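>
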Ligand code: GUN
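Numbering (the working numbering), first residue to last: 3 to 287.
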């Protein structure tokens, strides 16, 4: 039976570290840290995420500036706001919640955010830095996954690491981070042949394909570390991940639950990135 990786506990310790350092910087350097969160329209899931980000800011002692814009906001208006935030010294990090309404080009918006304030690490400059290992910010979800793997004590060096999913936000950067820790990395996706065989060879398996209970116990190597990035609904409408937890926990050595695994890590890493951004802008370290 697998050990459950407690994402809530690991995320709390990350937030505690961030809060302690933010308090010290405020005391010693008078540094105030601020995150701007922009939401366009009224997508309920986005609303929940944005509220959670605001709460996390309060918990670690950051100021949060929320910009809730109407769904009819034009691309030009949104780009103007991004420019204002790029120049606003109170704002150390800028997060534009995705997805955006269809009439707005997400790429144009991401490109407009100053790379120094891009706490999502979605800007091409930050994506490129990850490729060469010279980054300031890591995208929040893959960075959170790395912390969860670290919490198991399993050393990545030389291990077979399999990532299922090739999105720009999770799969691709995840593979790079595992490679930088000396893993032997395979990236799989919806068109991969022999997926089961490849998975059965994985010492570390990260699943981010967006399909409910896609990975089952018979695809998992005995004792593997299994990290489930999915957030799906099963046939009864119940929240579940991309991994079939019930069968997988019988094979895995360590496994993340959904909810309570990767989810809480994403916001904790966003707080960490905002702290890093503030320090860099203030010329600290
Ligand atoms: N929508 C879902 N996840 C994310 C995220 O990590 N960042 C942003 N900006 N939007 C999202």
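For every residue, glycine included, the Cβ atom is placed at its ideal position computed from N, Cα and C. It should be emphasised that the depicted structure is a prediction, and the values quoted were computed from it without experimental measurement.
Should residue 190 be listed as close to ligand 1, given that the test is whether its C-beta is under 7 Å from any heavy atom?
Answer for residue 190: no, Cβ out of range of ligand 1.
> In chain order, which continuous runs of the alpha helix (DSSP H) of length 4 or greater are located wholly inside the stretch 183–270?
You should have 197–202, 247–250.
> Should residue 51 be counted as a contact of ligand 1 given a C-beta to heavy atom distance under 7 Å?
For ligand 1, at least one heavy atom lies less than 7 Å from the Cβ of residue 51.
> Heavy atom of ligand 1 less than 7 Å from the Cβ of residue 59, yes or no?
The answer is no for residue 59.
> Exposed or buried, what is residue 17 when buried is set at 16 or more other beta-carbons lying within 10 Å of its beta-carbon?
Buried is the call here.
> Hey, residue 106 and residue 42: beta-carbon distance below 8 Å or not?
Contact flag set, yes.
> Measure the alpha-carbon distance for residue 171 versus residue 141 and round it to whole angstroms.
For residue 171 and residue 141, the distance between alpha carbons rounds to 7 Å.
> Would DSSP call residue 71 helix, strand or coil?
DSSP places residue 71 in strand when its eight states are reduced to three.
> Taking 7 Å as the cut-off, is the beta-carbon of residue 99 closer than that to any non-hydrogen atom of ligand 1?
Yes, Cβ of residue 99 sits closer than 7 Å to a heavy atom of ligand 1.
> Hey, would you say residue 13 sits closer than 8 Å to residue 233, going by beta carbons?
The answer is no: Cβ separation not under 8 Å.
> Could you tell me which residues DSSP pairs with residue 172 in its beta bridges?
Residue 172 pairs with nothing; no bridge assigned.
> Assuming residue 156 and residue 227 make a contact with CB atoms under 8 Å, what is their CB distance in whole Å?
About 5 Å; that satisfies the 8 Å criterion.
> From the DSSP secondary-structure annotation, give me the bridge partner or partners of residue 6.
Its beta-bridge partners are 257.
> Go through its chain and collect everything with a Cβ distance to residue 225's Cβ below 6 Å, but skip five positions before and after it.
Cβ within range, chain order: 255.
> Going by the CB atoms, is the gap between residue 244 and residue 204 shorter than 8 Å?
Not a contact, by the Cβ cut-off of 8 Å.
> Could you check which residue in 263, 96, 240 has the C-alpha nearest to that of residue 119?
Answer by Cα proximity: 96.
> Taking only heavy atoms of ligand 1 into account, decide whether any of them is closer than 7 Å to the Cβ of residue 142.
Yes, Cβ of residue 142 sits closer than 7 Å to a heavy atom of ligand 1.
> Report all residues from its chain with a CB closer than 7 Å to the CB of residue 33; omit the five preceding and five following residues, and keep chain order.
Same-chain partners within the cutoff: 27, 280, 284.
> Mind checking residue 29: buried by the 16 CB within 10 Å criterion, or exposed?
Exposed, since its Cβ has fewer than 16 Cβ neighbours within 10 Å.
> Which full runs of the alpha helix (DSSP H) of 4+ residues lie inside the stretch 14–87, going along the chain?
List check, alpha helix (DSSP H) in window: 46–62.
> Ligand 1 and residue 220: does the residue's C-beta get closer than 7 Å to at least one heavy atom of that ligand?
The answer is no for residue 220.
> To the nearest angstrom, report how far apart residue 102 and residue 113 are at their CA atoms.
Approximately 14 Å, taken between the alpha carbons.
> Give me, in chain order, the residues of the same chain whose beta-carbon lies closer than 8 Å to that of residue 213; leave out the 5 immediate sequence neighbours on both sides.
These residues qualify, in order along the chain: 232, 234, 244.
> Rounded to a whole number of angstroms, what is the C-alpha to C-alpha distance between residue 249 and residue 221?
Taking the straight line from one Cα to the other gives about 10 Å.
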